[in-house]
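J.: The opening position of the sequence shown corresponds to residue 30 in this note's numbering, with each subsequent residue numbered one higher. Note that the Cβ used here is the ideal one computed from N, Cα and C, for glycine as well. No experiment lies behind these values; they were computed from the predicted model shown.
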Amino acid sequence: MGNKNKLKLAQRGAYLSIITYIILSVVKYYFGMEYDSAAVRADALNNMTDIFASVAVLIGLKISIRPPDDNHPYGHLKSENIASLVVSFIIIFVGVQVLFENLPSIFSPVVSTPDPVVIYISIASGLIMLAVFFINSKLAEKTNSSSLKSAAMDNMSDSMISFGTAAGLILTQLGLPIADVIIASILGVLIMYTGFKILKDAVFALSDGYNDADLIEHKEDVLEVLGVMDVKSIKGRYHGSSIFLDVTIIVDPEISITEAHHICDQVEEHMHDKGIMSLYVHPEPKLNE
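Right, here's the structure in full:
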């Protein structure tokens, strides 16, 4: 499957998230207000911002498909990483808002016991988001989409938050009504944690960071090509879900330029088969010691 087709397939996950979040946020906010549950309202607000986050992912995926131009000779693939960055900011903002909205209520003597119906709403929401997580995780794995992977992480976080909300609501029914606002505050912290994790990964990719273990694996793959005596240097960077590599290989000093060029072509072909989108290979002769 070509990279463009992969990005188009990844868009299905973004559309699924948007539709699901719209439905869940409306339902949960209504029942949270109707039955006076701070935790359910916090969960609904989380889902509302997830709508914007999913839209950001979708826009990033659509822009990534655009071909290279004069101003973007390497293409627009980093739009995926920018989308993940936007998602992280939105999630962190929601977490802070939820935390500051509910934290003061913990020290307030006025608490209420929400209706048991919101427990079922939260459990159903958790199950739905768990299903969305599995679907998006499979799509992210199939398409190798970094932004969809971030969205799937957010889906799992939302599922756990809904189950946590249900647990807190059960405690309110057991005579601990303050558990509702405590759970809401904890949810705020968890939301922020998810946001910072996605932020870290996005900044790492945008700053051209690359995993050392992956570089070692890529080096071993290059050494599999006949004619490559050693790998002098190898550098990698992420462009969205795609990988770009710069490799300097050591070849026999007795071979011709044409033969060295052929080896470089073989390296490129071999690494493309390994999932590397773009590869620059520079040959150097082995020096006599």
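Could you pull out every residue in the same chain whose Cβ sits closer than 6 Å to the Cβ of S174, ignoring the five residues on either side in sequence?
T.: The residues are A39, S270.
J.: Can you check the region 218 to 290 for any alpha helix (DSSP H) of at least 4 residues that lies completely inside it and give the ranges in chain order?
T.: Taking only runs of at least 4 residues, the alpha helix (DSSP H) segments lying wholly in the region 218 to 290 are 241 to 252.
J.: Please list, in chain order, all residues of the same chain as Y8 whose beta carbon is under 6 Å from its beta carbon, the five residues on each side excluded.
T.: The displayed coordinates of the chain run from 30 to 318. Any statement about residue 8 would go beyond what the structure contains.
J.: Kindly indicate which residue of G61, I120, F129, D241 has the alpha-carbon position closest to the one of S83.
T.: Of the candidates G61, I120, F129, D241, the one whose C-alpha sits nearest the C-alpha of S83 is I120.
J.: Which residue marks the beginning of the alpha helix (DSSP H) containing P133, and which one marks its end?
T.: Per DSSP, P133 belongs to the alpha helix (DSSP H) from 108 to 135.
J.: Could you tell me the alpha carbon to alpha carbon distance between I152 and S191, rounded to whole angstroms?
T.: C-alpha separation (whole angstroms): 6 Å.
J.: Suppose the cutoff is 6 Å on Cβ atoms and the five residues either side in sequence are ignored; what does the same chain contact list for S134 look like?
T.: Only V210 meet the Cβ criterion.
J.: Whole angstroms are fine: how far does the CA of N76 sit from the CA of L114?
T.: Near 18 Å, if we compare the C-alpha coordinates of N76 and L114.
J.: May I have the straight-line CA-CA distance separating T223 from V86, to the nearest angstrom?
T.: If I take the Cα positions, the gap works out to 16 Å.
J.: From what residue to what residue does the alpha helix (DSSP H) around Y64 run?
T.: That residue, Y64, is in no alpha helix (DSSP H); it is neither H nor E in DSSP.
J.: Could you round the C-beta distance between A67 and A213 to whole angstroms and report it? I think they count as a contact, below 8 Å.
T.: Right, their Cβ atoms sit about 5 Å apart.
J.: To the nearest angstrom, how far is the alpha carbon of V232 from that of F163?
T.: Cα to Cα, V232 sits roughly 25 Å from F163.
J.: What does DSSP give as the partner residue(s) for V310 in the beta ladder?
T.: In the DSSP output, where bridge partners are listed per residue, V310 has V276.
J.: For K315, count the other beta carbons within 10 Å of its own beta carbon; 16 or more makes it buried, fewer makes it exposed. Which is it?
T.: With fewer than 16 Cβ atoms within 10 Å of its Cβ, K315 is classed as exposed.
J.: Tell me whether the beta-carbon of H268 lies closer than 8 Å to the beta-carbon of L90.
T.: No, the pair does not count as a contact, with Cβ atoms beyond the cut-off.
J.: What's the gap between the Cα of K248 and the Cα of H290?
T.: Computed Cα separation, rounded: 19 Å.
J.: Should T172 and V123 be called a contact, given that it needs their Cβ atoms to be closer than 8 Å?
T.: In this structure, V123 does not lie closer than 8 Å to T172 by Cβ.
J.: Using only the alpha-carbon positions, how far apart do A112 and G204 sit?
T.: Those two C-alpha atoms are separated by around 44 Å.
J.: So which of Y149, L252, A242 has the shortest CA-CA distance to Q202?
T.: Checking every option, the nearest Cα to that of Q202 belongs to Y149.
J.: So A265 and V127 are supposed to be a Cβ contact under 8 Å. How far apart are they, rounded?
T.: Per the sequence shown, residue 265 should be read as Gly rather than Ala. Not confirmed; about 38 Å, so no contact.
J.: How big is the Cα-Cα spacing for M189 and K226?
T.: Using only the alpha carbons, I get a separation of about 16 Å.
J.: How long is the line joining the alpha carbons of V251 and M221, rounded to whole angstroms?
T.: The straight-line gap from Cα to Cα measures roughly 40 Å.
J.: Taking only the alpha-carbon atoms, compute the straight-line gap between V161 and I279 and give it to the nearest angstrom.
T.: Going by the C-alpha atoms only, they are around 48 Å apart.
J.: Indicate whether I254 and I292 have their beta-carbon atoms separated by less than 8 Å.
T.: The amino acid occupying residue 254 in the given sequence is Val; Ile does not appear at that position. Their beta carbons are under 8 Å apart, which means V254 touches I292 by this criterion.
J.: Could you pull the start and end residues of the alpha helix (DSSP H) that K303 belongs to?
T.: Looking at the DSSP string, K303 is not in any alpha helix (DSSP H), and its letter there is neither H nor E.
J.: What does the alpha-carbon distance come out to for the pair Y50 and S186?
T.: Cα to Cα, Y50 sits roughly 13 Å from S186.
J.: Which of the three DSSP states is assigned to I94 in this structure?
T.: Three-state DSSP puts I94 in coil, outside helix and strand.
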